[in-house]
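**Student:** Sharing a structure with you now.
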Amino acid sequence: MKKYRTHTCGELNKSHKDKEISLSGWINKKRDHGNLLFVDLRDNYGITQCVIDKSNELFKEIEKLSLETVIQVTGLVIERSDKTINENISTGEIEVKIYNIYILGKTKELPMPVFSDQEYAEEIRLKYRFLDLRRKKIHQNIILRSKVISFIRNEMQNLGFLEFQTPILTSSSPEGARDFLVPSRLNPGKFYALPQAPQQFKQLIMVSGFDKYFQIAPCFRDEDARADRSPGEFYQLDLEMSFVNQEDIFDIIETLFLKLFKKFSNKKILHEKFPRISYEDAMLRYGSDKPDLRNPLQISDITNIFTRDDVKFEIFKKLVKSGSIVRALVTKNTSEKPRSFFDGIDKWAKDQGSSGLAYFSLEKGDSINAKGPIGKFFSEDALLEIMTQTNANIGDTIFLSCGKKDEVEQILSIARDKIAEELNLIDNETFSFCWIVDYPMFEIDETTKKIKFSHNPFSMPQGEINKLDLSDPLKIKAYQYDIVCNGIELSSGAIRNHIPELMYNLFKIAGYSKNDVDSKFSGMINALSYGAPPHGGIAPGIDRIVMLLANEKNIREVTMFPMNQNAQDLMMNAPSEISEDQLKELNLNIKKKK
RNA sequence: GGGGGUGUAGCUCAGUUGGUUAGAGCACCUGCCUGUCACGCAGGGGGCCGAGGGUUCGAGUCCCUUCACUCCCGCCA
């Protein structure tokens, strides 16, 4: 007989009837009837009801044990009577008659209950994460995460990918997020950076001839947190392939994702062939490059309507004349909604910092007319033209936003979410994937007004490599792509630029000299000069995939030991001060903040 | 860096126009209870009402400052 247990708490059933067994676990719950006591014993695998009555001399002792005490129980498996079977637990057809117990681990009074479905303040959960993690839902989430990662690893290996580790201590890179820095003892005054992603390494692996690489890679970025973004660190399924184009990457990812999401969720996948939407289109139709395609609402540009003489909405006309645009969001069959609905949306939009959303609904009496505060400004002809341009019909409502392009995009994007939620248009039982493609290579930096890389500087521009026209940089598109699912950006990737001369030219546009490139990306540019294969890859975020599968809105619900919003680990007390000796050894002085 | 929300018992929360001794459920302690599975019943301990200042005869409640947590913007190729 094993020392601590013969079975687990999720294991016993009628077939073990009359066996003498031993279980170890936590006291999940007690139900004390005075002369009869039920103890629910819990371990990783399940819960088993144990029972003892006053005929056993241990009765008084067990009665006194606090919840979450760790005990070992020896006893007899008894079949429950029909009336007392508990169908909610796997061991519900039996119970264990306690012969003896051993206390393995005592507990102080609990700072938070384990047996409860209540929500608790984040602070207490993170400080006592080991207790929090005993709770059913998050315990299952973490197990799901483990299984997802195993599955991915297995699939990737089957697809012929090799798993490699890349350095954690590497060099700081000028592009991208803020780096986490680590001082070097042996090189005073110099710093390592933790990798924001193994970007350069994975390209070097391709140049090294390994053909297909993957890794469940830790990534470190010193940026502020969000609900779906851990401060500090997160994990990516990082992968890279040689001799591939964009289509080859899409094939691999679609195959993997379909298998993965079908295995770990019962939700319906809306499009098994992921739709592809150009960045430009996404910004026009959804106002965002991470659209939730479960949401049927779409946006159209109707700026031209406001140059017509039979449209009298002077405020918008004046704005359009001075360069503003007008876009319309159409909701189907909403003309009968109460006035309060529309005004509520308008007020909400103003609360978001926009100038609000004008609206009217389309009606047909003798002729087509527009109902609502601004309806009277539109002629029937103008309304017909709007209906053509926006695919709207009688009975629909048109919400209008007028302003600068990025402002209009922004407010209509969140209005799209907001209105869909109010109208209950989103089917929460589906996953809707899409690819966002054709990202621009460059964009204008709003603060400096200079041209900069809009995403990854190592991406390959689209078109024939030898005939590329670099004269109008803002028109250059890149082989750069994102996967979006239900409005969440899961990953971005690219076909890489493996031609050094081309890379110098592109960096030149963004203001980097050849020397800059040689010094800042020496490893990469050097490697590309010695026979680099065409290659590309992508890096889906593991945490966000698990979030979707676990149906969680917060990344901490799928992270075992997360930090709080201020990037502190409340359980381990990180970050913490270090000793004078340590500072000295690293040649560092701390400037005291006033 | 900026904006919103929250902060009352170990935990989750209620607390009216400012008005006596600040409440409930769970947890904890005591007693009763042999078929519960959110067991039930009776009783008990437990509060710097996040902190500091102000207004007032009187502040959990109103005002100012500040701190913590959280959500969002900026940021995250």
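Read in order, the letters of the first sequence are residues 12 to 605 in my numbering.
The C-beta atom is built at its ideal place from N, Cα and C for all residues, glycine as well.
Could you check the C-alpha separation between residue 569 and residue 152 for me, to the nearest Å?
**Tutor:** Approximately 6 Å, taken between the alpha carbons.
**Student:** For residue 260, which residues in the same chain have their Cβ closer than 8 Å to its Cβ, ignoring the five residues on either side in sequence?
**Tutor:** Excluding residues within five positions, the ones whose Cβ falls inside 8 Å are 252, 492, 504, 506, 547, 548 and 549.
**Student:** Within this structure, are the beta carbons of residue 567 and residue 241 separated by less than 9 Å?
**Tutor:** It is a contact, given that the beta carbons lie within the stated cut-off.
**Student:** To the nearest whole angstrom, what separates the beta carbons of residue 154 and residue 112, a pair I think is in contact under 8 Å?
**Tutor:** The Cβ separation is near 28 Å, so there is no contact.
**Student:** How long is the line joining the alpha carbons of residue 230 and residue 509, rounded to whole angstroms?
**Tutor:** C-alpha separation (whole angstroms): 24 Å.
**Student:** Measuring CB to CB, does residue 16 end up less than 9 Å from residue 33?
**Tutor:** Yes, these two residues count as a Cβ contact at 9 Å.
**Student:** Is the beta carbon of residue 324 sitting closer than 9 Å to the one on residue 293?
**Tutor:** Not closer than 9 Å, so no.
**Student:** Measuring alpha carbon to alpha carbon, tell me which residue in 237, 532 and 434 is nearest residue 515.
**Tutor:** It is 532.
**Student:** Anyone know if the C-beta pair for residue 558 and residue 499 falls short of 9 Å?
**Tutor:** The answer is yes: Cβ separation under 9 Å.
**Student:** At 3 residues or longer, and completely inside the stretch 420-480: list those beta strand (DSSP E) runs for me, N to C.
**Tutor:** DSSP runs (the beta strand (DSSP E)) wholly in the stretch 420-480: 444-448, 453-455 and 462-464.
**Student:** Could you check the C-alpha separation between residue 335 and residue 299 for me, to the nearest Å?
**Tutor:** Computed Cα separation, rounded: 19 Å.
**Student:** Could you give the DSSP three-state label for residue 543: helix, strand or coil?
**Tutor:** Three-state DSSP puts residue 543 in coil, outside helix and strand.
**Student:** Report the rounded CA-to-CA distance for residue 597 versus residue 204, giving the unit in angstroms.
**Tutor:** C-alpha separation (whole angstroms): 15 Å.
**Student:** Does the stretch 329-344 come within contact of the stretch 400-419, defined as at least 3 CB pairs closer than 8 Å?
**Tutor:** Enough Cβ pairs lie closer than 8 Å, so yes.
**Student:** Specify, as a first and last residue, the run of the beta strand (DSSP E) that residue 309 falls within.
**Tutor:** No beta strand (DSSP E) holds residue 309; DSSP gives it neither H nor E.
**Student:** What number of angstroms, rounded off, separates the C-alpha of residue 605 from the C-alpha of residue 39?
**Tutor:** Confidence is the limiting factor: at residue 605 the pLDDT is only 46, short of 50, which leaves the residue's position unreliable, though a coordinate-based value still follows. So the two alpha carbons sit approximately 50 Å from each other.
**Student:** Please report the Cβ distance between residue 47 and residue 102, rounded to the nearest whole angstrom; I am assuming they are in contact, meaning their Cβ atoms lie under 8 Å.
**Tutor:** Not really, about 19 Å apart at Cβ, beyond 8 Å.
**Student:** Out of 35, 73, 310 and 272, which has the shortest C-alpha to C-alpha gap to residue 45?
**Tutor:** Looking at the Cα atoms, 73 is the closest of the given residues.
**Student:** Based on the DSSP secondary-structure assignment, which residues constitute the bridge partners of residue 43?
**Tutor:** According to DSSP, residue 43 bridges with 48.
**Student:** Is it the case that the Cβ atoms of residue 137 and residue 580 are separated by a distance below 9 Å?
**Tutor:** Yes, the Cβ-Cβ distance between residue 137 and residue 580 is below 9 Å.
**Student:** Which partner residues of residue 593 appear in the DSSP bridge assignment?
**Tutor:** DSSP output for residue 593 lists no bridge partner at all.
**Student:** Identify, in the order they occur along the chain, each residue of the same chain with its Cβ nearer than 6 Å to the Cβ of residue 401, setting aside the five sequence neighbours on each side.
**Tutor:** Once the five neighbours on either side are set aside, the close Cβ partners of residue 401 are 311, 339 and 341.
**Student:** For residue 88, which residues in the same chain have their Cβ closer than 7 Å to its Cβ, ignoring the five residues on either side in sequence?
**Tutor:** Taken in chain order, the residues that qualify are 23, 27, 28, 29, 30, 32, 105 and 107.
**Student:** For the putative contact between residue 254 and residue 544, defined by C-beta atoms under 8 Å, what is the C-beta separation to the nearest angstrom?
**Tutor:** The Cβ separation is near 6 Å, so the contact holds.
**Student:** Report yes if the CB atom of residue 275 is closer than 9 Å to the CB atom of residue 158, and no otherwise.
**Tutor:** The answer is yes: Cβ separation under 9 Å.
**Student:** Measuring straight from C-alpha to C-alpha, what distance separates residue 116 and residue 202?
**Tutor:** Those two C-alpha atoms are separated by around 45 Å.
**Student:** Rounded to whole angstroms, what is the Cα-Cα separation between residue 221 and residue 248?
**Tutor:** Near 17 Å, if we compare the C-alpha coordinates of residue 248 and residue 221.
**Student:** Assuming contact is defined by CB atoms lying nearer than 9 Å, are residue 383 and residue 353 in contact in what I supplied?
**Tutor:** Yes, Cβ-Cβ distance for residue 383 and residue 353 is below 9 Å.
**Student:** Does DSSP put residue 370 in a helix, a strand or coil?
**Tutor:** Residue 370: strand per DSSP, three-state reduction.
**Student:** Classify residue 341 as helix, strand or coil using the three-state DSSP reduction.
**Tutor:** Looking at residue 341 - three-state DSSP - the assignment turns out to be strand.
**Student:** For residue 169, does the count of other Cβ atoms within 10 angstroms reach 16, so buried, or fall short, so exposed?
**Tutor:** With fewer than 16 Cβ atoms within 10 Å of its Cβ, residue 169 is classed as exposed.
**Student:** With 16 as the cutoff for other CB atoms within 10 Å, does residue 173 come out buried or exposed?
**Tutor:** With fewer than 16 Cβ atoms within 10 Å of its Cβ, residue 173 is classed as exposed.
**Student:** Could you tell me the alpha carbon to alpha carbon distance between residue 187 and residue 327, rounded to whole angstroms?
**Tutor:** Going from the Cα of residue 187 to the Cα of residue 327 covers about 38 Å.
**Student:** For residue 226 versus residue 250, is the C-beta distance shorter than 9 Å?
**Tutor:** Yes.
**Student:** From residue 296 to residue 309, what distance separates their C-alpha atoms?
**Tutor:** About 5 Å.
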